[in-house]
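In UniProt numbering, the protein residues as written are 1 to 246. C-beta atoms are modelled at their ideal positions from N, C-alpha and C, and glycine is treated no differently. As the structure is a prediction and not an experimental result, all values here were calculated from the model. First the structure, in the form of structure tokens, and then the observations on it.
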Amino acid sequence: MKILTLYHLKGGVGKTAAAVNLSYLAAAEGRRVLLCDLDPQGSASYYFRMRPARKVKVGKLLKSAKFAEKQVRESDYENLFLMPSDLVLRQLDAKLEAGKKSRSRLKRLFAGMEDEYDLIVVDAPPAITLLAENLFRASDLLLLPIIPTVLAHQAMLKVMEFMETEGLDTSRVRAFFSMADRRKKLHREFMKQLSADATRFLPAAIPYASAVENMGLERRPLPDYDRRSPATKAYRELWAQCAKLL
1 MKILTLYHLK GGVGKTAAAV NLSYLAAAEG RRVLLCDLDP QGSASYYFRM
51 RPARKVKVGK LLKSAKFAEK QVRESDYENL FLMPSDLVLR QLDAKLEAGK
101 KSRSRLKRLF AGMEDEYDLI VVDAPPAITL LAENLFRASD LLLLPIIPTV
151 LAHQAMLKVM EFMETEGLDT SRVRAFFSMA DRRKKLHREF MKQLSADATR
201 FLPAAIPYAS AVENMGLERR PLPDYDRRSP ATKAYRELWA QCAKLL
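Okay, structure coming up:
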């Protein structure tokens, strides 16, 4: 089983859309995929029209893979399962702080699910917290969506700096361009400049497109309702590149 985490310090960078679409594409290839919506905003859960099937008890969730499995719901798509978000997930950091071995709690939790899934995709909340550190340690691939702007790139560098300071493995970190508008000179120049770092930036670039924005109206993964969209093609390319790293 592999763990892919979508993460960024900033919100509104296309993180959740990528988590939803990559989960869908992986499941469509026959993998058993669990999408964990750990962001209290619950956008990934909204796209799949899901709410928790039962009351979420954060303490139990962190301690028991068996309890965590009870939170999982089947989606409308074959091989794709979802652990829906809940506002109580905002308590995750406090519960982690209070527990033992708090920096590796999620790694152990996910290990208890390895017989059930081929891939776990995590939609992480946008903050550097103990929860984020847990995900950094647990993930086989940490994927950062980067809008081609200076501030978005600076936020990525802060994540890398934090990981290096904490002695975390940065070789598993990759970035991709998100909400890229090639009509803008700044976006084109920034993408050209950063793409030179092939060890960090994946070739795929998700365009700024109304088709992606429409996911909020359709409440479905983009490849499910607009297979010919250039954005769908870009997500397919992104998944193919991620799959090679997992």
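C-alpha distance - residue i paired with residue j, whole-angstrom precision
i: A155; j: E161; result: 10 Å
i: P148; j: K158; result: 16 Å
i: F81; j: V121; result: 10 Å
i: K2; j: K10; result: 25 Å
i: L131; j: K192; result: 33 Å
i: F136; j: L142; result: 7 Å
i: D76; j: D224; result: 11 Å
i: P203; j: L96; result: 36 Å
i: H8; j: M215; result: 20 Å
i: G112; j: Y24; result: 23 Å
i: V212; j: L222; result: 7 Å
i: F176; j: L62; result: 30 Å
i: R220; j: T16; result: 12 Å
i: E164; j: N21; result: 30 Å
i: I206; j: Y235; result: 7 Å
i: D140; j: L35; result: 15 Å
i: E78; j: R103; result: 33 Å
i: L246; j: G30; result: 15 Å
i: D37; j: D86; result: 9 Å
i: residue 255; j: E218; result: Lying outside 1 to 246, the shown extent of the chain, residue 255 is not represented and no answer is given.
i: I146; j: K107; result: 26 Å
Helix, strand or coil at residue i according to DSSP, with G and I counted as helix
i: K2; result: strand
i: E74; result: strand
i: P223; result: helix
i: Y46; result: helix
i: Y235; result: helix
i: L246; result: coil
i: Q41; result: coil
i: V13; result: coil
i: H187; result: helix
i: L168; result: coil
i: H8; result: coil
Residue environment, residue i, which counts as buried when at least 16 other CB atoms sit within 10 Å
i: A198; result: exposed
i: Q71; result: buried
i: S178; result: buried
i: R105; result: buried
i: L14; result: What sits at residue 14 in the sequence shown is Gly, not Leu. Buried is the call here.
i: A196; result: exposed
i: P125; result: buried
i: E133; result: buried
Residue from the options whose Cα sits closest to the Cα of residue i
i: Y117; options: A132, E74, L92, V150; result: E74
i: F110; options: Y7, A127, F67; result: F67
i: R90; options: I146, Q241, G42, S229; result: G42
i: A65; options: E114, V20, R51; result: E114
i: P40; options: E78, R105, R32, L92; result: L92
i: H187; options: L38, L151, R219, R172; result: L151
i: R49; options: L6, M83, F176; result: M83
i: F201; options: E29, L238, V33, P207; result: L238
i: A28; options: L119, Y47, Y208; result: L119
i: V33; options: Y47, L4, L144; result: L4
i: T129; options: A231, V173, S85, E166; result: E166
i: D169; options: A138, L144, Q241; result: A138
i: R228; options: A209, D123, S171; result: A209
i: A180; options: D37, E218, A231, S171; result: A231
Bridge partners - residue i, DSSP secondary structure assignment
i: P145; result: F176
i: V20; result: According to DSSP, which records beta bridges pairwise, V20 is partnered with nothing at all.
i: V212; result: In DSSP, V212 forms no bridge with anything.
i: C36; result: M83, V122
i: F201; result: A175
i: P207; result: A180
Closer than 9 Å to chain B by CB, residue i
i: E189; result: Absent here is chain B; the protein component of the structure consists of one chain.
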